[in-house]
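A.B. asks: This is the structure I want to talk about, given as structure tokens.
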Amino acid sequence: MSRTLVERLDISGTHNFRAVAPDGIRPGRLYRSDAIARLGDSGRTQLADLGIRRILDLRTEEEVAQQPDDVDAEIVEVIASPLYAGSLASMLQPGFGITDLYRLLIEDTGPAIADALHRITDADGAVLVHCTAGKDRTGIVVALALAVAGVERDVIVADYASTEDFLAGEWAEAMIARVRAYGVEPSAELTEILVASPAPAIEHVFALIEDTHGGLEVYLDRIGFAADARARLASVLREIDAAE
Numbered sequence: 002m003s004r005t006l007v008e009r010l011d012i013s014g015t016h017n018f019r020a021v022a023p024d025g026i027r028p029g030r031l032y033r034s035d036a037i038a039r040l041g042d043s044g045r046t047q048l049a050d051l052g053i054r055r056i057l058d059l060r061t062e063e064e065v066a067q068q069p070d071d072v073d074a075e076i077v078e079v080i081a082s083p084l085y086a087g088s089l090a091s092m093l094q095p096g097f098g099i100t101d102l103y104r105l106l107i108e109d110t111g112p113a114i115a116d117a118l119h120r121i122t123d124a125d126g127a128v129l130v131h132c133t134a135g136k137d138r139t140g141i142v143v144a145l146a147l148a149v150a151g152v153e154r155d156v157i158v159a160d161y162a163s164t165e166d167f168l169a170g171e172w173a174e175a176m177i178a179r180v181r182a183y184g185v186e187p188s189a190e191l192t193e194i195l196v197a198s199p200a201p202a203i204e205h206v207f208a209l210i211e212d213t214h215g216g217l218e219v220y221l222d223r224i225g226f227a228a229d230a231r232a233r234l235a236s237v238l239r240e241i242d243a244a245e
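One gets our numbering by counting positions in the sequence shown from 1 and adding 1 to each.
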């Protein structure tokens, strides 16, 4: 049975929690989510049932202080691996859009991206990668991990783009309200950054890597995720029969 369909997992306190397990990827090894600050007893039990033993938090220290992970640090390992690419003020610049944000992430946070990929690789058990929305920082890290594992580009794009549907409604409305509370009326570009995950945005990431850095392998070498590390990550993520 094909596993290309992206489905949200109903984990208490989250909106965008899902398994990263398209065809060819080992189920139960990698998960992604928005913030996990409101799991409660039910959500923590659900994470334990999934076998999640390591959490990669890609948020900044300020974000973590405002909404700390609601987990038992004695049971699950939480690793701070922040990806930071500018402030809200920079996002308010006229014409600044989601592809500009992703360009900054690729160009300015390479070592942090490499660190996240290493942490996925060397984990003893299932890994959860998350940020605030689970779409930009998480989306890029997961997309690169899947690319290393040999997943088809259209499948990677579909996984990324599905986030927008999961965040629509309550989560998106709350995020827009938070920005308005600062006296800012979100422009179309800022709204897209806050709540959208258009397929062309992640396609732009791969095009940028190809056109500016000479390809994925060259880029990953440059940021500190070399060929031997890529081989280990692919081995960790891929199903045994898919790797043979």
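The C-beta atom is built at its ideal place from N, Cα and C for all residues, glycine as well.
Could you tell me which of 217, 177, 116 and 129 sits nearest to residue 149, measuring between CA atoms?
C.D. replies: Within the sequence shown, residue 149 is the residue found at index 148, counting from 1. For the residues 217, 177, 116 and 129, the minimum Cα distance to residue 149 belongs to 217.
A.B. asks: If you run the structure through DSSP and keep just helix, strand and coil, what is residue 229?
C.D. replies: Counted from its first residue, the sequence shown places residue 229 at position 228. Three-state result, residue 229: helix.
A.B. asks: Here's the rule: buried if 16 or more other CB atoms are within 10 angstroms of the residue's CB, otherwise exposed. What is residue 7?
C.D. replies: Here residue 7 refers to the residue found at position 6 when the sequence shown is read from its first residue. Looking at its Cβ environment, which holds 16 or more other Cβ atoms inside 10 Å, residue 7 is buried.
A.B. asks: Where do the ends of the beta strand (DSSP E) carrying residue 72 lie?
C.D. replies: In the sequence shown, residue 72 corresponds to position 71, counting from 1. Per DSSP, residue 72 belongs to no beta strand (DSSP E) and is neither H nor E.
A.B. asks: Applying the criterion that 16 or more other CB atoms from any shown protein chain within 10 Å of the CB defines a buried residue, is residue 18 buried or exposed?
C.D. replies: Walking along the sequence shown from the start, residue 18 turns up at place 17. By the 10 Å Cβ count, residue 18 comes out buried.
A.B. asks: Applying the criterion that 16 or more other CB atoms from any shown protein chain within 10 Å of the CB defines a buried residue, is residue 81 buried or exposed?
C.D. replies: Along the sequence shown, read from residue 1 onward, the residue named residue 81 stands at position 80. So residue 81 ends up on the exposed side.
A.B. asks: To the nearest angstrom, how far is the alpha carbon of residue 185 from that of residue 174?
C.D. replies: Translated into positions along the sequence shown, residue 185 becomes position 184. Translated into positions along the sequence shown, residue 174 becomes position 173. Rounded to whole angstroms, residue 185 to residue 174 spans 14 Å at the Cα level.
A.B. asks: Use the C-beta contact count for residue 248: other C-beta atoms within 10 angstroms, 16 or more gives buried, fewer gives exposed.
C.D. replies: Only positions 2 to 245 of the chain appear in this structure, which leaves residue 248 out of reach.
A.B. asks: Three-state secondary structure (DSSP) at residue 58?
C.D. replies: Here residue 58 corresponds to residue number 57 of the sequence shown, with the count starting at 1. The answer is strand: DSSP assigns residue 58 an E or B state.
A.B. asks: Going by alpha carbons, who is nearest to residue 79 out of 26, 115, 187 and 120?
C.D. replies: For the purposes of this step, residue 79 is identified with residue 78 of the sequence shown, where counting begins at 1. It is 120.
A.B. asks: If we call anything under 8 Å between Cβ atoms a contact, is residue 25 one with residue 240?
C.D. replies: For this step, residue 25 is matched to residue 24 along the sequence shown. For this step, residue 240 is matched to residue 239 along the sequence shown. Yes; because the gap between Cβ atoms is below 8 Å, this pair is in contact.
A.B. asks: Inspect the beta-carbon positions of residue 203 and residue 192 and report whether they are closer than 8 Å.
C.D. replies: Taking the sequence shown and counting its residues from 1, one reaches residue 203 at position 202. Taking the sequence shown and counting its residues from 1, one reaches residue 192 at position 191. No, the Cβ-Cβ distance between residue 203 and residue 192 is not below 8 Å.
A.B. asks: So who's on the other strand from residue 131, going by DSSP bridges?
C.D. replies: One-based indexing of the sequence shown puts residue 131 at position 130. DSSP lists 34 and 58 as partners of residue 131.
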